[in-house]
Structure formats: structure tokens, C-alpha cells
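Chemist:
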Amino acid sequence: MIKNKLKTIVLATTLIASSLVASDSEYSFNSYSLVGIEGGYSSLDYERGSSLNNTQERVGVAHAGLKLGAETDNYRVFLSGRYFYDSGDTYDYITTYGVEVQYKFNVSKKLDFFIGGNGGLANMKFKGVDASGVKETFSRTLQSPYFGGDIGANIRLADSTVLEFGGRVMSIQAENTKNATTYRIGNIVSAYASIIFRWKMD
Numbered sequence: 400m401i402k403n404k405l406k407t408i409v410l411a412t413t414l415i416a417s418s419l420v421a422s423d424s425e426y427s428f429n430s431y432s433l434v435g436i437e438g439g440y441s442s443l444d445y446e447r448g449s450s451l452n453n454t455q456e457r458v459g460v461a462h463a464g465l466k467l468g469a470e471t472d473n474y475r476v477f478l479s480g481r482y483f484y485d486s487g488d489t490y491d492y493i494t495t496y497g498v499e500v501q502y503k504f505n506v507s508k509k510l511d512f513f514i515g516g517n518g519g520l521a522n523m524k525f526k527g528v529d530a531s532g533v534k535e536t537f538s539r540t541l542q543s544p545y546f547g548g549d550i551g552a553n554i555r556l557a558d559s560t561v562l563e564f565g566g567r568v569m570s571i572q573a574e575n576t577k578n579a580t581t582y583r584i585g586n587i588v589s590a591y592a593s594i595i596f597r598w599k600m601d
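Count along the sequence shown from 1, then add 399; that gives the number in the working numbering.
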């Protein structure tokens, strides 16, 4: 079911991106390939407990990512992968793989703002705490699709280099239940910066 959802996300994003680019032929000769390196800080919220007692929790994680994409004067599409690092001992790993589609508002040749949507697949492995507050001796794994939004700004440092600052929300909304204790994963909210290298398509 998750694989089918992910295929639907990728197919829909491809069709939307293709139609957007094709709808404005004057931009077709201004197409660029993109490679971006991203770093940032994220907050993951979750709920844990039994049906009678739930606790709201939040953990801060640093993240790094790589994204490959393309853009015209007004549209941008990325395929991305990110790794989130928990300096504590709760999460062994959190990774996401997905797609971002963005619309750019060009203020000048050096500056634009963007807004967009994202979707993909999140994976995580972690050790929970049982109802009595004792650390669990086993690990939990979770794989779930996510959907969300992006907003930010791009500063053109040179024709081939762009500095990006942005914010992102990824809504996961998934559950993992073991030994009568349920973890409900909510959202990953990120602030990030990227250095993006661009070159003109042939």
C-alpha cells in the first residue's frame, strides 16, 4: 500500500511538473539542472502512551540532505534524500526520500521567493519508553508516506551558484504499537540552508 502511494506521488508530481513547464514555452530555453547540498535543524513531535494515558513529546534533530532537480524561470522540481541525526539516544535513524515542487516569485535577478509542496516516504528506527517510564529493550521501526509544504528564498551568488534559505513541514501521521504502548508520529518541522549548483540544460 505504501509503495502504491509513493508511486502515485511520483507520477502525479512528474505530470504536474511536465504540464507546468510545457504550458509556458517561452521558459523552455531557460531550463537549468540543479544539485543541492542541504543542512538544517528539525523538530519532530510525537505522542506516546496507552489508551488511558498519553504523553506529548518533541525531539530536536540536525539533518543533512542531497537534492537533484531542474528549474525554469518560475518552477522548480527536486528529488531529495535526507538523514536526520538525533544527538540523544532515542532515534537510531530517521531518513526521508521524496519530491518537492515549487513555484518561484522573482523579485530581481539576484533574489526570488518560493512556495511549494512535498511528498515522499519516511523511515525511522527508535527505542521507546514503556508506560512506567522505563526504556524499552527492543527497537521500533516505522515506514510511512509524508506530505507537506515548503517556503523560502533564493539568493543568486553567481550564475552557477544559489544560496537557499527555507522552512519545511512534513506531516507523517503514523503509529507504531508494541507491548500495549503506542507511538504516534506527527510532523517534522525544519529550518534549513542549501547551496545549489546550477547549469544550463542542452
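We treat Cβ as the ideally placed atom computed from N, Cα and C, and that holds for glycine.
Grab me the residues of residue 437's own chain with a C-beta within less than 6 Å of its C-beta, minus the 5 sequence neighbours each way, in chain order.
Modeler: As a first step, residue 437 must be located in the sequence shown, where it is residue number 38. Taken in chain order, the residues that qualify are 464, 591 and 593.
Chemist: Helix, strand or coil for residue 429 per DSSP?
Modeler: For this step, residue 429 is matched to residue 30 along the sequence shown. Here residue 429 sits in helix by DSSP.
Chemist: Which one of 513, 477, 476 and 523 has the shortest CA to CA distance from residue 489?
Modeler: Residue 489 sits at position 90 when you count from the first residue of the sequence shown. When each option's Cα is compared against that of residue 489, the closest is 523.
Chemist: Please tell me whether residue 588 and residue 442 are closer than 8 Å, where the distance is taken between their beta carbons.
Modeler: Here residue 588 is taken as the residue at index 189 of the sequence shown, counted from 1. Here residue 442 is taken as the residue at index 43 of the sequence shown, counted from 1. In contact: residue 588 and residue 442 (Cβ atoms closer than 8 Å).
Chemist: Taking the continuous beta strand (DSSP E) assigned at residue 589, which residues delimit it?
Modeler: Counting from one through the sequence shown, the residue named residue 589 turns up at place 190. Counting along the chain, the beta strand (DSSP E) containing residue 589 begins and ends at 580-599.
Chemist: Mark residue 460 as exposed unless 16 or more other C-beta atoms lie within 10 angstroms of its C-beta, in which case mark it buried.
Modeler: By one-based count along the sequence shown, residue 460 stands at place 61. Buried.
Chemist: Once DSSP output is grouped into helix, strand and coil, what is the label at residue 575?
Modeler: One-based indexing of the sequence shown puts residue 575 at position 176. Correct three-state label for residue 575: strand.
Chemist: Should the stretch 483-499 be regarded as contacting the stretch 509-520, the criterion being three or more beta carbon pairs within less than 8 Å?
Modeler: yes
Chemist: Roughly how many whole angstroms lie between the Cα atoms of residue 559 and residue 503?
Modeler: Position 160 of the sequence shown holds residue 559. Position 104 of the sequence shown holds residue 503. When rounded, the distance between both Cα atoms is 17 Å.
Chemist: Using CA coordinates, which residue listed in 447, 440, 481 and 562 is at the minimum distance from residue 579?
Modeler: In the sequence shown, counting from the first residue as 1, residue 579 sits at position 180. Of 447, 440, 481 and 562, the residue nearest in Cα terms is 447.
Chemist: Whose CA, out of 435, 467 and 445, lies closest to the CA of residue 583?
Modeler: On the sequence shown, position 184 is the one that residue 583 refers to. Comparing Cα positions, the closest option is 445.
Chemist: Just to confirm my understanding: we take residue 493, look at its own chain, exclude 5 residues before and 5 after, and list those with CB closer than 6 Å. What are they?
Modeler: Within the sequence shown, the letter at position 94 stands for residue 493. The answer, listed in chain order, is 483 and 523.
Chemist: Whole angstroms is fine: what's the gap from residue 600's alpha carbon to residue 571's?
Modeler: The residue given as residue 600 occupies position 201 in the sequence shown. The residue given as residue 571 occupies position 172 in the sequence shown. Their Cα atoms are separated by approximately 35 Å.
Chemist: Can you tell which of 573, 535 and 509 has the C-alpha that lies nearest to the C-alpha of residue 554?
Modeler: Stepping through the sequence shown from its first residue, residue 554 is reached at position 155. Out of 573, 535 and 509, 509 has the C-alpha closest to the C-alpha of residue 554.
Chemist: Let me check one thing: in DSSP terms, what residues is residue 540 bridge-paired to?
Modeler: For the purposes of this step, residue 540 is taken as residue 141 along the sequence shown, with counting starting at 1. Note: residue 540 sits in a beta bridge opposite 524.
Chemist: Residues bridged to residue 517 by DSSP?
Modeler: Numbered from its first residue, the sequence shown carries residue 517 at position 118. Partner(s): 499 and 547.
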